[in-house]
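What follows is a set of notes on a single structure, which appears directly below.
Protein chains: 2
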Amino acid sequence: MQPIRVGLIGIGVVGSGTFRVLRRNQQEIQRRAGRGIDITMVADLDLDRARALVGEGVEVVRDARKLIADPNIDVVVELIGGTGIAKILVLEAIRAGKHVVTANKALLAVHGTEIFAAASHHGVMVAFEAAVAGGIPIIKALREGLTANRIEWVAGIINGTTNYILSAMRDKRVEFAVALEEARKLGYAEADPTFDVEGIDAAHKASLLASIAFGIPVQFDRAYVEGITRIGAVDVAYAEQLGYRIKLLGMTRRREADPERGIAHGVELRVHPCLIPARRLIANVEGAMNAVMVHGDAVGTTLYYGKGAGSEPTASAVIADLVDIARLHDADANHRVPHLAFRPDALSNLPMLPMGQVITGFYLRLRVADEAGVLAQVTGILAHAGISIDAMLQREADEVDQGAVQAGQPAQTDLVLLTHECLEASMNTALAQMQALPTVLQPIVRIRKEELA
Amino acid sequence: MQPIRVGLIGIGVVGSGTFRVLRRNQQEIQRRAGRGIDITMVADLDLDRARALVGEGVEVVRDARKLIADPNIDVVVELIGGTGIAKILVLEAIRAGKHVVTANKALLAVHGTEIFAAASHHGVMVAFEAAVAGGIPIIKALREGLTANRIEWVAGIINGTTNYILSAMRDKRVEFAVALEEARKLGYAEADPTFDVEGIDAAHKASLLASIAFGIPVQFDRAYVEGITRIGAVDVAYAEQLGYRIKLLGMTRRREADPERGIAHGVELRVHPCLIPARRLIANVEGAMNAVMVHGDAVGTTLYYGKGAGSEPTASAVIADLVDIARLHDADANHRVPHLAFRPDALSNLPMLPMGQVITGFYLRLRVADEAGVLAQVTGILAHAGISIDAMLQREADEVDQGAVQAGQPAQTDLVLLTHECLEASMNTALAQMQALPTVLQPIVRIRKEELA
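Residue numbers (my numbering), protein chains in the order written: chain L, -5 to 447; chain X, -5 to 447.
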C-alpha cells in the first residue's frame, strides 16, 4: 500500500518531535499500520530552521495554503496553536477534503462545534488525541475503551505547569511566586504563564473531556475557571496536615436532578484548585506529570497517567491519530469513531450547571480573633446553612502571629475547616455571613475539596 | 441501522454483567455505536438460571453449537473460560464466519497463534480487551494509543487475587496463608487458588501484553512463572524498611544484544514477586486493583489503573469490544486493527530470552551466624561476580532469634541486601557460592527487584 502523505503545519517543539519519531520508528509504525506514514511537506514561517530540521526530500513552504491545496497531501497536521490563523487553516483543510490532526485544545474548545460539523459535512476526520494530556491516550480510552459505560465523572490533572508549581510548593515549602520562577527556569512555564496558572489551558481540555464523556457539544464558554495564583504555602501545609494534597483539577460530573436541593439535571464543568485525599493515586502525581480519572457506572474508577506535554510525548499522540487515519481514511463514516464519541445526531443538550448548583466539599481558612465564642459563631453559621464539618484544625495564636501579639495587638489564630459535600450556593451564603463577623479578621480562604472515591 | 445480534456462551459472573450493562446502558451505547447491540441468544448448561437472568425475548439454548450455527447471530461472546471446549467453540464460531469476543486469557495465551490465524483466514475479528486487566482498556491503549512508539517494556499488576493477598500481608502484617484465607472469604480467591497464587493467570496476561507490545507471537510456554506462596511476612516488612513494596509483577522487556555481557537480542517475559520502590505510583496500587505500566520510546512511562476483575468491570471491556465490532464488522481487513497490534505478516521472531539472561536487581535475605567475617564473605562473593550492592540492612541477633540464643545455640542474624541490576545467571552463581558458606544457616531468600524508572 502507498504511504499516507502528511503535510505538517508548524514545525516547532511538537512538530519536530513528530517528524523525528516518525523517522526513527518508521519500521515499527509500518508493521502496525500496514503502510508508511510520510511527512512529505512542511509549512513554517521560519523556512531555514524548518529545512534544517527535515533535511532533503521534504518540501518546505512558507505558505500553509500551498500545503493544503496540494492534491498529494492526504492529511494535514496543524501544530500552530491558537484560535486565529489555525482556525482558518483547519477549516480550509477540511473543505479541501483533508483529514486533520491537531494538538490545539484552545481551537477545539472554543470552535469545536463549527469544526466538527464541517468535518462531518466533508466526510473527513479531525483527530485530537494530542490536545488533552499529551501522550496519554485518554481520548481513545474515553471514546472507545469505555463505550459500555454511563460516565459519571472525569477528574484530571491536565496541566503540567500548575502541577509542577503545586508539587514544588509542597516539596520545598515555598510560595507560588518562587515555585513559578523555578518552573520558568526549567522550561515548565512560559514567559507569560497566564494560560496555565489561571486554569485556562486546563479548562480547554476539560471542556473536550466533558463533551466526549457525556455526548454534549464542546462548551468552553460555560466552564468555571479558577487558577492557582492565590494558593498560599500555608494552605498547602494545612492540607497536608489534614491528609490532603492541593491539585489543580479539571472536573466534570453528571448530576441527576434533585428538586429538594434545588438542583437541575445537568453537567458540572469546572477547573479550580482542589484538595484531594493524599492516599488517592492521583494525589501522588507529581511534577509536570498528568493523570486523568474516569468513573463509569460499569467499570468503576479508572486512571490514566503519563507525560502531558513535551516534544515526543505529544508527538506520540499525534502519530497515533495518524495511524488511525491511515487505517480508516478510505472507510465510510460508519466505520469511524464519532469525533465526540457520540454520533453527531445523538449529542444531547444536557445543560451546564451554574457554579451555585455544584456540589463539592470545602476547605476554609479563617484568620480569627483568639477569643471565646468565635468557633461557636462560625460553626453556628455553617450548621444553619446545613453544612456539616468533616475535620477541623486550630493553630495556637503564638504559632500563627507572634509578631502581632508582641506588637500589643489582639491575639489571632487560624481556624481551618473541612466540610462535607454541600451546595456551593449554600457555602456562598455561609461565607458571606462568616466574613461579616467582627471576629473574622481577614478575607476567608476557600478551596474546594473532592474525595474522588 | 439494524442492531448487531450477539450470542452469549456462558452466562456466569461476567456474562450476566454483560447482559445487565447492555440493557441498562443501551441508549448511551447506541448513541455511541450508531446501532443497538442486542444479546439475542444465550447458551448455558444451566438453562433455568440462564432463563431467569435474561427474561423473555432472549432465546436460551443448552447447546452452544446451535447458537454458533444460527445465521441470525453476528458475534459470539465466549465466556466459558479454559482451553478445552472453549477452544473448540471459538474455532467453530470463527469458521462459521462469526466475530468473537472473549475474556479467555488462558485460551489466547496458549492457542493464540492458531486462533488468530483462523480469524484472519475467515476475515473475522477476535477481540479480547476483557482478557487482560478487566475493565482497564489496556489492550486498546497498547494496540492503538501508543502506535507511534517502540515499546521498551510493560510491567503490570495484572492479578487481583495476589495483589489483594500481598496488600493484606503488608497492611495486617500476616503471613501468606492468613491473607489467602481472608481473600477466600471475601471472594477474591477461588477455592483452588493455584492459577492465581502461582502466577499462571498473570503469565497468561503477560504473554498477551508481550505479543502486542513487541509484535511477536503469543508464547505463554516461554514465560518464566513464579508465584507468591513463598513470600514471608518478614520479607514484606524488610522491603518496607528499605522503601520498597513487594508486588506480583508481569514483566516483559525488549533487550538489545550486549555481546560483552553475553546477552542476545530478545524479549524477557516473566511473572514473579518483585520489589518496587514505594514512591512509584504502581507500588501504591492496593487490594484487588490492577495497573499496567507501559514504557515507550516517545511517550515515556504511562500507567493504566482500574478494576482487573468482577462482573461489570469485565463486562465493560466485553462491551467495548462489541462496539468496535458493531462499527467495523462490515469493514475490510485494512480498516481493522490487527489482532496482535502488528500485521500478521509483520510479526517478528524476536526470541524469548532464558531467565539466565534476564537483567534485574535482587533482594536477598540470608540467615547467617552472627560472627566476624560473614559480611566480608558474602560481599566478597557478590563483588567477585560483578554484582554491586545498593542497600543493606542487618538485624541485631537479639531481635531475630532470641529463642535460639536462649537455647544456647550460636547467635544468628538476618542479613538483607539489595543489589543493582545484574545478569540473573551471575546472581545464580553467586547464590550457590553464598549458600555453600558454613555461616549461611538457612536457604537464602531471593526476590527480584525492578526500579521501573
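By construction, the Cβ of each residue, glycine as well, lies at the ideal position given by its N, Cα and C atoms.
Check                                                                                                             : Outcome
Proximity below 8 Å, CB of X/Ile67 to CB of X/Pro267                                                              : no
Three-way DSSP call (helix, strand, coil) for X/Glu72 in this model                                               : strand
Three CB pairs or more closer than 8 Å across the stretch -3 to 9 of chain L and the stretch 72 to 84 of chain L  : yes
Assigned exposure category for X/Glu138 - 16 Cβ within 10 Å defines buried                                        : buried
Cross-chain neighbours of X/Val54 in chain L, by beta carbon under 7 Å                                            : Those within 7 Å of X/Val54 in chain L number zero; the least Cβ separation is about 23 Å.
Distance between X/Arg247 and X/Val286 (C-alpha atoms, nearest Å)                                                 : 13 Å
Beta-ladder partner(s) of L/Gly244, from DSSP                                                                     : L/Gly150, L/Val265
Beta-carbon proximity check, L/Leu140 vs X/Pro65, cutoff 8 Å                                                      : no
Contact under 8 Å by Cβ, L/Gly129 with X/Thr296                                                                   : yes
Three-way DSSP call (helix, strand, coil) for X/Arg59 in this model                                               : helix
Test item: CB-CB of L/Ile152 and L/Ala200 under 8 Å                                                               : yes
L/Thr354 versus L/Asp384, L/Ala197, L/Leu136, residue with shortest Cα-Cα distance                                : L/Asp384
Identified DSSP bridge partners for L/Leu417                                                                      : L/Ile353
Rounded separation between X/Leu409 and X/Glu234 - CA only                                                        : 15 Å
Under 8 Å from the C-beta of X/Arg89: neighbouring residues of chain L                                            : Those within 8 Å of X/Arg89 in chain L number zero; the least Cβ separation is about 25 Å.
Chain L within 8 Å of X/Ser310, Cβ atoms only                                                                     : yes
Simplified DSSP state of X/Thr12, which is helix, strand or coil                                                  : helix
Contacting residues, own chain, Cβ-Cβ under 8 Å from L/Ile31 (five flanking each side not counted)                : Pro(-3), Ile(-2), Val0, Leu16, Gln20, Ile23, Gln24, Ile313, Leu316, Val317, Ala320
Short CB-CB distance (under 8 Å) between X/Tyr158 and chain L                                                     : no
Element boundaries [beta strand (DSSP E), containing L/Asp32]                                                     : 31 to 37
Presumed contact (8 Å Cβ cut-off) between L/Gly290 and L/Asn143, rounded CB distance                              : 3 Å
8 Å Cβ cutoff, X/Leu297 in contact with chain L                                                                   : yes
Interface partners of X/Ala314 on chain L, CB under 8 Å                                                           : Glu138, Gly139, Leu140, Thr141, Ala142
Contact under 8 Å by Cβ, L/Val120 with L/Gly91                                                                    : no
Selection from X/Ala207, X/Leu236, X/Ala292, X/Leu425 that minimises the alpha carbon distance to X/Leu387        : X/Leu236
C-beta atoms of L/Tyr218 and L/Met349 nearer than 8 Å                                                             : yes
X/Phe336 - partner residues in DSSP beta bridges                                                                  : X/Leu334
Pair within 8 Å by beta-carbon distance, L/Thr34 and L/Val54                                                      : no
L/Thr141 (DSSP reduced to helix, strand or coil)                                                                  : coil
Cβ-based burial, X/His378 [other Cβ within 10 Å; buried from 16]                                                  : exposed
Per-residue burial, X/Gln406 [other beta carbons within 10 Å of its own, 16 or more giving buried]                : buried
Other residues of its chain near L/Phe122: CB distance less than 6 Å, five sequence neighbours each side excluded : Thr96, Leu102
Within 8 Å of chain A by C-beta, residues of the stretch 9 to 35 of chain L in sequence order                     : Judged by its chain identifiers, the structure shown contains no chain A, and its protein chains are L and X.
X/Pro307: contacting residues in chain L (beta-carbon distance under 8 Å)                                         : Ala292, Val293, Gly294
Burial state of X/Ile381, where buried means 16 or more other Cβ atoms lie within 10 Å                            : buried
Three-way DSSP call (helix, strand, coil) for X/Leu347 in this model                                              : coil
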